[in-house]
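Residue numbers (the UniProt record's numbering): 1 to 260. Note that CB positions come from ideal geometry on N, CA and C, so glycine has one too.
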C-alpha cells in the first residue's frame with residue numbers, strides 16, 4: 001500500500017512540475033453494446049504514463065509506433081495469467097510476431113503497473129515507463145510535439161489465448177498543454193471544498209471546456225462552460241485530489257482541486 005501511494009503521488013507531482021507534458025488526451029477507441037475502451041498517453045522528459053480503461057474480465061492491449069499488428073511492433077498487455085496463479089494481473093512488455101500470432105514477452109520488462117481499479121464493470125489500468133529504455137525492442141517516445149501511431153485490442157477474457165475481435169489502429173497527436181496567460185487567472189473557490197467549488201474565469205476567454213480527472217487518470221467530468229462563474233457539484237466525489245483542466249481557444253491549463 002505504501003509503495004502504491006508513493007507512486008500515485010509521483011504521477012500527481014509530475015502533472016504540476018515544471019516539465020512540459022505532451023498528451024493524446026483520452027481517446028475513445030471503442031464503444032459498442034456498453035463495451036467501452038479508452039486510452040491516454042502522457043509524456044514528459046522523464047516519464048510516460050499510459051492509462052487504459054476497458055471492460056472487466058478481458059485483456060487490454062495497446063501498441064506503439066505502428067497501425068497494424070505486424071512483426072516487431074512494441075506492445076503492452078494487461079492480463080491475468082490463469083496458468084500461473086502466483087502471477088495475477090500483470091502489465092506485460094511484449095512485441096508483435098505478426099498478425100494473428102501470440103505476442104512474445106520481452107526479456108526486459110520496462111512497464112510498471114501503478115494502479116488497477118475496478119468500478120461498475122469498467123477496469124482502469126495505469127502504467128509508467130521511461131520514454132527511451134535503451135532496449136532495441138522498445139518504442140522511443142518523443143518528448144516534444146509529435147504524432148503517435150498506435151494499435152489497440154481487447155479480448156473475450158483475461159487469457160491471451162482467447163483472441164477477441166475488438167481491435168484497431170490509428171494515429172493521434174501528442175500536444176503540449178500550454179498555459180495561456182489569461183487562463184492562468186482562473187480560480188476555484190473554495191479549495192479545498194466539501195460539496196462544491198465555483199469556477200471563476202477571467203474576462204475575455206471563450207469556448208471553454210472543463211475536464212476533471214482523478215489521480216488514476218479517470219475522466220469524471222466533461223462540461224462546456226459559457227459563463228464566467230460556474231458552480232461544480234462535488235458532493236458525490238470521493239475525498240482526495242483531482243486535476244481540473246480548463247481549455248479555451250488559446251490553450252489549456254490544469255490546476256489541483258482537493259475534495260474533503
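- Look at the beta carbons and you see the region 95–107 not touching the region 27–42: under three pairs across the two are nearer than 8 Å.
- Take the alpha-carbon of residue 173 and the one of residue 147: they are about 4 Å apart.
- Where residue 249 is concerned, there is no enclosing beta strand (DSSP E), because DSSP gives it neither an H nor an E.
- Residue 247 places its beta carbon less than 8 Å from that of residue 209.
- The C-alpha of residue 54 lies about 8 Å from the C-alpha of residue 154.
- DSSP links residue 193 through a beta bridge to 259.
- If you draw a straight line from the Cα of residue 92 to the Cα of residue 31, it is about 25 Å long.
- By alpha-carbon distance to residue 225, the top candidate from 259, 112, 90 and 249 is 249.
- When DSSP states are grouped into helix, strand and coil, residue 148 belongs to the strand group.
- Counting along the chain, residue 213 sits inside the beta strand (DSSP E) bounded by residues 208–214.
- DSSP places residue 127 in the uninterrupted beta strand (DSSP E) bounded by 122–129.
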